[in-house]
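With this note's numbering applied, the sequence shown covers 267 to 557. The beta-carbon is built from N, C-alpha and C at its ideal position, and this holds for glycine as well. Input: a single structure, listed below in structure tokens.
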Amino acid sequence: MRKSTEAEVQEVTDLVLSTRKKIEELLRSGKKVHIIWDFDGVLSDSRSDDIFAFTGSNLKSHFAHEERLLFESPGEGPWLLPIAHNTGIAKRFPEERFSQDIVTARSSMLAMRVQIFSLAWNLPVRWMLFLGHQPKKEAYRIILKSLKDDPDYHVFCVDDNPKHIEAFGGVSAEEGLQERTSGIISPVIRTYTEEELAEYFSRVMNAAGNTPIRVRNPSDDMRGFLVLPHGLTQFREQMNVLVSKKHGEGATAELRAAFVKAYGEVGRGHFKSEKELAQAMKSFIMDIACP
267 MRKSTEAEVQ EVTDLVLSTR KKIEELLRSG KKVHIIWDFD GVLSDSRSDD IFAFTGSNLK
327 SHFAHEERLL FESPGEGPWL LPIAHNTGIA KRFPEERFSQ DIVTARSSML AMRVQIFSLA
387 WNLPVRWMLF LGHQPKKEAY RIILKSLKDD PDYHVFCVDD NPKHIEAFGG VSAEEGLQER
447 TSGIISPVIR TYTEEELAEY FSRVMNAAGN TPIRVRNPSD DMRGFLVLPH GLTQFREQMN
507 VLVSKKHGEG ATAELRAAFV KAYGEVGRGH FKSEKELAQA MKSFIMDIAC P
């Protein structure tokens, strides 16, 4: 494991841009394009996969690491901004003819970080298929069959593991779609050395406290990672507090709307100030709770 060279980064950049050019050509010719993305090392960076390898493929350590980062969206991979991030005012591709799915070995709690990533980047993803350690072949088949009857579709599959691209090619042949599919092996890009990865892992796993805490990135001191020292337990607690707070805000807004409807807008109706209205609402609630 080592940091990627400038030449290796450029190789992947060229691959991404040439793929984007093919997509644009297909769309200009009136075709539709669908992309099946792997997640780690493709849409996101490869840090999670590298931690799994660094820990000797120890699932307990890997899950503990991921749990601590549930408030942290994974870093972006080489394919995200040039192609997958088809959002905003000026969309690169017409959304009615461009779609995408994610097929990943993540599952269970690990899948949450894919969903957080997709929400954070506002990715227009059709399906997310979380497979655990199951082969991807049948997931590819499900997707290809969903598009097979529309002859205008061309399907790309991008993965950093050659065996998955081989499986995609096999399913494409079995479904008679060789002429309408393209499999792309994306080389892994790393922005850190093995020593920096080890230091990163140590900082994440040794972070302590009862509140989320930021630790610095050893390979980029200007950036950091938000860590939950108590992992999934702390994530649940934080989410429950947030949900409870939002329920309270929603109930307050509903009650305020009812009071304003009955007594008029604040300053023009019965209540002269927000403080006066808040006190009346509080008294109303107390009368119900303690008759």
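Three CB pairs or more closer than 8 Å across the stretch 297 to 314 and the stretch 350 to 365: yes
Three or more C-beta pairs below 8 Å linking the stretch 498 to 516 and the stretch 329 to 339: yes
Integer Cβ distance of Ser485 from Tyr458, believed to fall under 8 Å: 4 Å
Glu432 in three-state terms, based on DSSP: helix
N-terminal and C-terminal residue of the alpha helix (DSSP H) that Ile382 is part of: Ala377 to Ala386
Close Cβ partners of Ile408 (< 8 Å) along its chain, the five nearest in sequence each way excluded: Leu395
Segment contact, 8 Å Cβ cut-off, at least three pairs: the stretch 310 to 323 with the stretch 476 to 483: no
CB-CB length for Leu413 against Tyr406, believed under 8 Å: About 11 Å separates the two Cβ atoms, so there is no contact after all.
Member of Pro360, Phe467 and Lys298 whose CA lies at the smallest distance from the CA of Asp415: Lys298
Pair within 8 Å by beta-carbon distance, Pro360 and Leu293: yes
Per-residue DSSP class, three states only, for Arg392: coil
Which of helix, strand or coil DSSP assigns to Glu462: helix
Segment limits, alpha helix (DSSP H) that includes Gln444: First-last for Gln444: undefined, no H or E at that position.
Integer-rounded CB distance, given that Ala371 should sit under 8 Å from Leu397: 6 Å
Rounded separation between Cys423 and Thr285 - CA only: 11 Å
Meets three-Cβ-pair contact criterion under 8 Å: the stretch 276 to 291 and the stretch 462 to 475: no
The stretch 448 to 456 in contact with the stretch 421 to 436 per 3-pair CB rule at 8 Å: yes
Nearest residue (CA-CA) to Gly436, options Lys402, Gly490 and Leu463: Lys402
Identity of the residues DSSP links to Asn476 by a beta bridge: Per DSSP, none; premise fails for Asn476.
Outcome for Val507 when other beta-carbon atoms lying within 10 angstroms are tallied against a minimum of 16: exposed
Proximal residues to Met547 (C-beta, below 7 Å), its chain only, five neighbours per side dropped: Leu521, Arg522 and Phe525
8 Å Cβ cutoff met for Lys269 and Arg456: yes
Cβ neighbours of Phe318 in the same chain (closer than 7 Å, five flanking residues each side left out): His328
C-beta atoms of Arg358 and Gly341 nearer than 8 Å: no
Reference Ala517, options Ala544, Glu362, Ser365 and His399, closest by Cα: Ala544
For Gln500, three-class secondary structure by DSSP: helix
Any non-hydrogen atom of the ligand COA closer than 7 Å to Glu445 Cβ: Inclusion of the ligand COA in the displayed structure is not the case, the ligand content being empty and no account of it being possible.
Exposure of Asp487, with buried meaning 16 or more beta-carbon neighbours within 10 Å: exposed
According to DSSP, residues forming a beta bridge with Asn352: In DSSP, Asn352 forms no bridge with anything.
Length of the line joining the Cα atoms of Gly533 and Lys527: 13 Å
Alpha helix (DSSP H) segment containing Arg294, residue limits: Glu272 to Arg294
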